[in-house]
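Please read the structure below before turning to the comments.
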Amino acid sequence: MRYLTRLQSLCSNSQLSRLKISHLSSFSKSSKPLQPKKTNKPPLNSQTSYIASLFSDITDILSVDNATPDKIPSGFTISDESHLKTPQAGDALHSCPQAVRTNVSKDEPDISPVVHQITEIVRAEKGVVSMEERLENSGFLFEPKVVEKVLKRCFKVPHSALRFFNWVKLRQEFYHTTETYNTMLCIAGELRDFGLMEELERDMEINSCEKDIKTWTILVSQYGKAKLIAKAFKVFDKMKKCGFEPDVVAYRLIVRLLFNAGNGDIAFEFYKEMARKEMALDLNLYRMVLNYVAKLGNVDDVHSIVDDMIKIAQIPEYDVYSCMLKSFCVAGRIREALAVTQDLKNKKIPIDVNCFETLVKGLCIVGRIEDALEIVDIMNRRDLVDGKVYGIIINGYLRKNDLLKALAMFQRMKETGYSPMASTYTELMQHLFKSKEFQKGYELYYEMLERGIQPDSVAITAMAAGHVRQNDISKAWKVFKSMEDIGIRPTWKSYSIFIKELCRVSRTDWIFKVLNEMQASKIVIGDEIFHWVISCMERKGEKDNVESVKKIQTTCKTYSQEGEKESSNDASRIRES
C-alpha cells in the first residue's frame, strides 16, 4: 500500500486522505519503491582513476574532427510534440485555453455570420437594453453548435459567457450538449471558479448529458493546473470507474502534476504504465522523467526511458541522447555523462556544440572546472567557443565562491573578443554586491549598457538591490523604474526582491510606495510579502505602520473575495435555473 499511503500524504486536506485510488493500489502489488540502485562500486581511488581514464578517452574522441560546428537551434531539431505517434483522443485539449479559443476545426467552414452577430451581443458592454433582451429580439436560431462556437469566442468575458449559457438553457426545446458543457467547464476552470465547475458537472448529471473523454480530461487539467492534487486524482479515478480509459493527455497531465508537486516516485509509476500502453510523452515530460531517474543514478532505468523515446515516441537518436547527456550532467553524474559521449561516438552520432556545452556545464556543476577548461580548449581549436561557454565557466567559479577567478575569466573573455551575456554580467554583479564591492558592481552594469547589451529584469533588479543595500533608495527606485523605459513590466519576483531589500535596511517609509505601486499595476502582493513587511515593522516597533499594512492586506483579500463571490453568484444561477 506504499503508493496509496504516499498519495494520501500529498495534501493536508481531509478530502485526499479519504480518497482511495484503485489505480494506484495495484502499484503496491506490482511495484517496489523507486530508489537508487545498489551497485558494487569500486574503491574511491579506483573509481577516480576510472573516471580520469574515461575523461581522457572522451577528450581524445572530442579532439577528433567529428564535431558538428553548427549549432542546432535550442539544442533540438524537433518540436516538443512533433515526434509523437498517431494522435489519441483528447490531444486537442492538451492546453485547455487553446481548445476553448479554437473556433472551428480544419474540416469545418469558417464561423458563420450568425455566430459573429450573437457573439457581439454577448460581448457588448452593459447598455440600456439587457443582453438577454437583445438575444430574445434577435430572431436567431440557437442551435447547440452555434452556442458552442459563441462560448468559445467569449473566453475573455467569462461572466458574459455564463449568462449566455444560462439564458439559452431556458429556451424551449434547447438542450445543452456535451460539447457546450465542455467549453463552459474550460472557461470556469480558467477562471479558477471550481464551485462553478462542480455545479456544471452536477448539471450534466441532472440533465442526463453524458460526459466524454474530453470532459474528464478538462476536469483533470483544470484541477491539476490549480495544484488541487486531491481533486485531480479523484476525477482521474472516477473516470476509470465510469468506464473511460484515460487517454494520453490525461496521463500526461497526471505525470506533470506529480512531478511539479515533488512526487517523482509516483509519477514514474504512471510513466511506466504509459510505456506499457505505448503512450508517448512530450519532450518536456521526457526530460522531467530522465532528470528524476538520472538524479537517482538508475542507469538501467535511464536507458529504458531512452528506448521508449526512440521506439514509442519515435524521436531521433540525436535528440534522445542529447536529453540523456543533459540529464546526467544536471544530476552531476559525470561518469555516466562521459559514457553517453562514448555511445555517441560508437553510434556515429555527430557531436555538436550543444553536446560540448552540456559537458562543460556538467563538469562545472560538480566543481571540475579544470576538466571543463580542457573541453573548452578543444572547442576553441574548432572555433566553437562563444560568450555563452565562457559564461558557463564563470558560473562554475561563482558556484565555488571564487570571485577572483571568475573576474579573471571575465576579463580574459573580453580580451579575446567575446561578448559577455547579460546573465553573466548579472551573476557577477550579484556576487560583487554580496561581497560589498558595490562600486565594481555598478561599473559592470554601466559597462553592459555601453556595450549595447540590454539588461533584463533580473539585471535591473540586481542593480536596484545594490543601491538599496547602500541605502540609496531614490537611486534604487529610479533604476528599478527604468525597466518600463525599455518595455519591461516588473514582475512579482522583481517587486518582492526590492521589498525584501527594503526590509533588510529597515526603510519602511519606502515600503508603502512600492506596495501602492504593486496595487496600481494589479500585481497580487500575496501573504508572503505582507509577512516580511509586518515582521520588519514589528521589529522597529512601528505599530501604526503595522496596522496600515494590515489594512492594505485586508483590502487585497476583500478585492479577491469579491471576484470569487461574483463567480459564485453566477454558479448559483445554474442551480436555480
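Per our numbering, the sequence shown starts with residue 1243, numbered consecutively. C-beta atoms are modelled at their ideal positions from N, C-alpha and C, and glycine is treated no differently.
Query: Below 8 angstroms CB to CB, which residues in the same chain sit around Glu-1374 once its five sequence neighbours on both sides are set aside?; Result: Arg-1405 and Trp-1409
Query: Our contact map puts Asn-1622 next to Ala-1573 with C-beta atoms below 8 angstroms; I'd like the distance itself, whole angstroms only.; Result: Actually they do not touch by this definition, with Cβ atoms about 27 angstroms apart.
Query: Could you give the residue range of the alpha helix (DSSP H) that holds His-1709?; Result: 1699 to 1711
Query: When you compare the CB positions of Thr-1422 and Thr-1457, do they come within less than 8 angstroms of one another, or not?; Result: no
Query: Would you mind listing the alpha helix (DSSP H) stretches within the segment 1621 to 1657 that are 4+ residues and don't spill past its ends, in chain order?; Result: 1629 to 1641 and 1645 to 1657
Query: From Tyr-1632 to Asp-1613, what distance separates their C-alpha atoms?; Result: 14 angstroms
Query: Identify whether Thr-1733 lies in helix, strand or coil by the three-state DSSP scheme.; Result: coil
Query: Suppose you measure from the CA of Leu-1412 to the CA of Glu-1378; what does that come to, to the nearest Å?; Result: 11 angstroms
Query: Check the C-beta distance from Ile-1399 over to Val-1357 and give it rounded, since I have them as a contact under 8 angstroms.; Result: A small correction: the amino acid at residue 1399 is Val; Ile does not occupy that position in the sequence shown. Contact flag wrong, Cβ pair sits at about 15 angstroms.
Query: What distance in whole Å lies between the Cβ atoms of Ala-1536 and Phe-1510, which are believed to be in contact at a cut-off of 8 angstroms?; Result: Actually they are not in contact, since the Cβ atoms of Phe-1510 and Ala-1536 sit about 12 angstroms apart, beyond 8 angstroms.
Query: Can you find a CB in chain B that lies within less than 8 angstroms of the CB of Asn-1588?; Result: Looking at the structure shown, chain B is missing, and only one protein chain is on hand.
Query: Hey, could you find the ends of the alpha helix (DSSP H) Asp-1507 is sitting in?; Result: 1506 to 1518
Query: Closest to Pro-1662 by CA distance: which of Ser-1699, Glu-1689 and Leu-1470 is it?; Result: Glu-1689
Query: Going by the beta-carbon positions, is the gap between Val-1490 and Ala-1474 smaller than 8 angstroms?; Result: no
Query: Since Ile-1617 and Phe-1598 should fall inside the 8 angstroms C-beta cutoff, what is the C-beta to C-beta distance between them, to a whole number of angstroms?; Result: 6 angstroms
Query: So, are the CB atoms of Leu-1615 and Ala-1648 less than 8 angstroms apart?; Result: no
Query: For the ligand GDP, any of its heavy atoms closer than 7 angstroms to the Cβ of Ile-1448?; Result: Ligands displayed in this structure: none; no statement on the ligand GDP is therefore possible.
Query: Three Cβ pairs or more, each shorter than 8 angstroms: is that satisfied between the segment 1693 to 1709 and the segment 1672 to 1685?; Result: yes
Query: Just mark Val-1799 as buried or exposed, buried being the case when its beta carbon has 16 or more other beta carbons within 10 Å.; Result: Just to set this straight, residue 1799 is Lys in the shown sequence, not Val. With fewer than 16 Cβ atoms within 10 Å of its Cβ, Lys-1799 is classed as exposed.
Query: For Phe-1407, tell me which candidate among Thr-1361, Lys-1755 and Lys-1678 has the shortest Cα-Cα distance.; Result: Thr-1361
Query: Enumerate in chain order the residues of its own chain whose CB-to-CB distance from Leu-1757 is below 7 angstroms, with the five nearest sequence positions on each side excluded.; Result: Ile-1767 and Ile-1794
Query: Over the uninterrupted alpha helix (DSSP H) stretch that includes Tyr-1417, give me the two end residues.; Result: It is not in any alpha helix (DSSP H) - Tyr-1417 carries neither H nor E in the DSSP assignment.
Query: Can you tell me the Cα-Cα spacing of Glu-1657 and Lys-1723, whole angstroms?; Result: 33 angstroms
Query: Examine the Cβ distances between the segment 1626 to 1641 and the segment 1599 to 1610 and report whether three or more of them are shorter than 8 angstroms.; Result: yes
Query: Find out if the Cβ-Cβ distance for the pair Thr-1668, Ala-1701 is shorter than 8 angstroms.; Result: yes
Query: Count the other CB atoms, across all protein chains shown, that sit within 10 Å of the CB of Ala-1762; report buried if there are 16 or more and exposed otherwise.; Result: exposed
Query: Between Arg-1529, Ala-1517, Asn-1526 and Glu-1559, which lies nearest to Asp-1550 when the distance is taken from Cα to Cα?; Result: Ala-1517
Query: When the Cα atoms are used, what is the spatial distance from Asp-1698 to Asp-1751?; Result: 27 angstroms
Query: Return the residue from the list Val-1370, Val-1389 and Thr-1425 that minimises the CA-CA distance to Ser-1354.; Result: Val-1389
Query: With 16 as the cutoff for other CB atoms within 10 Å, does Glu-1692 come out buried or exposed?; Result: exposed
Query: Going by other Cβ atoms of all chains shown within 10 Å of its Cβ, with 16 needed for buried, is Arg-1494 buried or exposed?; Result: buried
Query: Check Lys-1431 in the structure and name its three-state DSSP category.; Result: Note that residue 1431 is Gly in the sequence shown, not Lys. Residue state, collapsed to three classes: helix.
Query: Between the C-alpha atoms of Lys-1514 and Ser-1546, what's the straight-line distance to the nearest angstrom?; Result: 10 angstroms
Query: Where does Ala-1650 land, buried or exposed, given buried means 16+ other C-beta within 10 angstroms?; Result: exposed
Query: Starting from Pro-1386, follow the alpha helix (DSSP H) in both directions and report where the run begins and ends.; Result: 1386 to 1395
Query: To the nearest angstrom, how far is it from the Cα of Pro-1278 to the Cα of Asn-1540?; Result: Legend: pLDDT at Pro-1278 = 47, less than 50; position of this residue unreliable, no value from coordinates given.
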